[in-house]
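Below is one structure, written out as structure tokens; the observations come after it.
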Amino acid sequence: MPLPGGASDKIGNRYEGRWTVYCMIDVINEKADAIRLEPPGINGIEFYLRRNGKLEYHQVKRQKSGRGRWTLSALEDKQVQVLSDFWKNLRDPNVSCVFVSTQDADELGELANRTRDSASWQEFEHQFLNNELSNKFNLLRQKCDNCSEIDAYEALKRVYVQTVGEDFLVDTIENRL
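Take the sequence shown: its letter number 142 is residue 144 in my numbering, and every next letter is one higher.
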């Protein structure tokens, strides 16, 4: 469970900084073309990476207080607007969005993975959604301006969830430098 107040914020900023360094190494190693921190006019992202002419928008949240994971509801509430920020940014077909945390966003990740595994909206709807996932998909659509099924499906293909422990992240950075 996170610490209260300022200490929690500092620890969250430390994690965000470490993920940023991890991605900066991709630029140094020429796996990405550029990184832009806190770009003006783009809400809800820490930075973007440019790879092969496309942009990856990264949102980093160390953990969700008291939950142990990021549900769809936790990703879009009064304090956190990850889903609606992603939705606004995903209107550009050259943008993908990456959510990074020490805790899994399993519902979002499962839906996104299934969209990429399916060949079409129809296949996704009929073969990849059971009742529970269909309800989650509809909840996601509600949180994204009540977008259409097809628009949500197409946007989800460009959403990625990275669950990375802080100790592992530190070790990986040290090994990559």
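Glycine included, each C-beta is placed from N, C-alpha and C at the ideal position.
None of the values given here were measured: they were computed from a predicted structure.
Do residue i and residue j have their CB atoms nearer than 8 Å?
{"i": "F126", "j": "R116", "result": "yes"}
{"i": "N96", "j": "K56", "result": "yes"}
{"i": "L85", "j": "L158", "result": "no"}
{"i": "P252", "j": "Y50", "result": "Residue 252 is absent from the model: the chain starts at 3 and stops at 179."}
{"i": "C99", "j": "V161", "result": "yes"}
{"i": "A76", "j": "K66", "result": "yes"}
{"i": "E171", "j": "Y59", "result": "The sequence given here has Leu at residue 171, not Glu. Not in contact: L171 and Y59 (Cβ atoms no closer than 8 Å)."}
{"i": "V62", "j": "E18", "result": "yes"}
{"i": "K27", "j": "L179", "result": "This sequence places Ile at residue 27; Lys is not what is there. Taking 8 Å as the Cβ cut-off, I27 and L179 qualify as a contacting pair."}
{"i": "E134", "j": "R143", "result": "no"}
{"i": "D35", "j": "R53", "result": "yes"}
{"i": "R20", "j": "I175", "result": "yes"}
What residue range does the beta strand (DSSP E) around residue i cover?
{"i": "Q144", "result": "Element bounds for Q144: not the beta strand (DSSP E) but the alpha helix (DSSP H), 133 to 145."}
{"i": "V2", "result": "Outside the shown range of the chain, which is 3 to 179, sits residue 2, and nothing can be said about it."}
Within the continuous alpha helix (DSSP H) that includes residue i, where are the two ends?
{"i": "I152", "result": "151 to 158"}
{"i": "E168", "result": "168 to 178"}
So if DSSP puts residue i in a beta bridge, which residue, or which two residues, is it bridged to?
{"i": "F49", "result": "L39, H60"}
Kindly provide the ranges of any alpha helix (DSSP H) runs that are 4 or more residues long and lie completely inside the segment 75 to 118, ordered along the chain.
84 to 91
For the structure I just gave you, are there three or more beta carbon pairs, one from the segment 65 to 82 and one from the segment 105 to 112, closer than 8 Å?
Under the three-pair Cβ rule at 8 Å, the segment 65 to 82 counts as touching the segment 105 to 112.
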